[in-house]
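Presented below is the structure to which this report refers.
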Amino acid sequence: MNTIDDQLNRLFRAAQNAPSPDVAPPPFGLETRVLAAWREGAKAPVAFWDTAVLTRGLILAGIIMAVSILPALNSRSVTTSSIADEVTSADSGVDADAYP
Numbered sequence: 271m272n273t274i275d276d277q278l279n280r281l282f283r284a285a286q287n288a289p290s291p292d293v294a295p296p297p298f299g300l301e302t303r304v305l306a307a308w309r310e311g312a313k314a315p316v317a318f319w320d321t322a323v324l325t326r327g328l329i330l331a332g333i334i335m336a337v338s339i340l341p342a343l344n345s346r347s348v349t350t351s352s353i354a355d356e357v358t359s360a361d362s363g364v365d366a367d368a369y370p
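The sequence shown maps to residues 271 to 370 in the working numbering.
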């Protein structure tokens, strides 16, 4: 057996034999105060940034994004110039005889 395993086993056996600490009972009325605070928290007004509001905002942002992208996609499909036409027009401006 490994020495570390032996040390761990001795530690666990010693922990089993150790006396448990005395736990004092909770003070009188603690349960009542906790339940009252919990009920009061449940009655609190919902914050403005509720999950439903954030979800609606995310949906609205997605719709706005889709509507703003559609014109760009339509204008791209209407254009007839391809990348080859652009490369050809760029190459026509370069004078090949100027470079040895």
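Every residue, glycine too, gets a C-beta built ideally from N, C-alpha and C.
C-alpha gap between residue i and residue j, whole angstroms
{"i": "residue 308", "j": "residue 319", "result": "21 Å"}
{"i": "residue 293", "j": "residue 317", "result": "39 Å"}
{"i": "residue 333", "j": "residue 340", "result": "11 Å"}
{"i": "residue 272", "j": "residue 291", "result": "32 Å"}
{"i": "residue 279", "j": "residue 325", "result": "53 Å"}
{"i": "residue 283", "j": "residue 295", "result": "28 Å"}
{"i": "residue 376", "j": "residue 305", "result": "Summary: the structure shown does not reach residue 376, with the chain confined to residues 271 through 370, and so no result is reported for it."}
{"i": "residue 329", "j": "residue 336", "result": "11 Å"}
{"i": "residue 315", "j": "residue 323", "result": "15 Å"}
{"i": "residue 303", "j": "residue 286", "result": "36 Å"}
{"i": "residue 331", "j": "residue 338", "result": "11 Å"}
{"i": "residue 311", "j": "residue 327", "result": "26 Å"}
Original post:
Which runs of the alpha helix (DSSP H) spanning at least 4 residues fall entirely within the region 276 to 341, listed in chain order?
Top reply: 300 to 313
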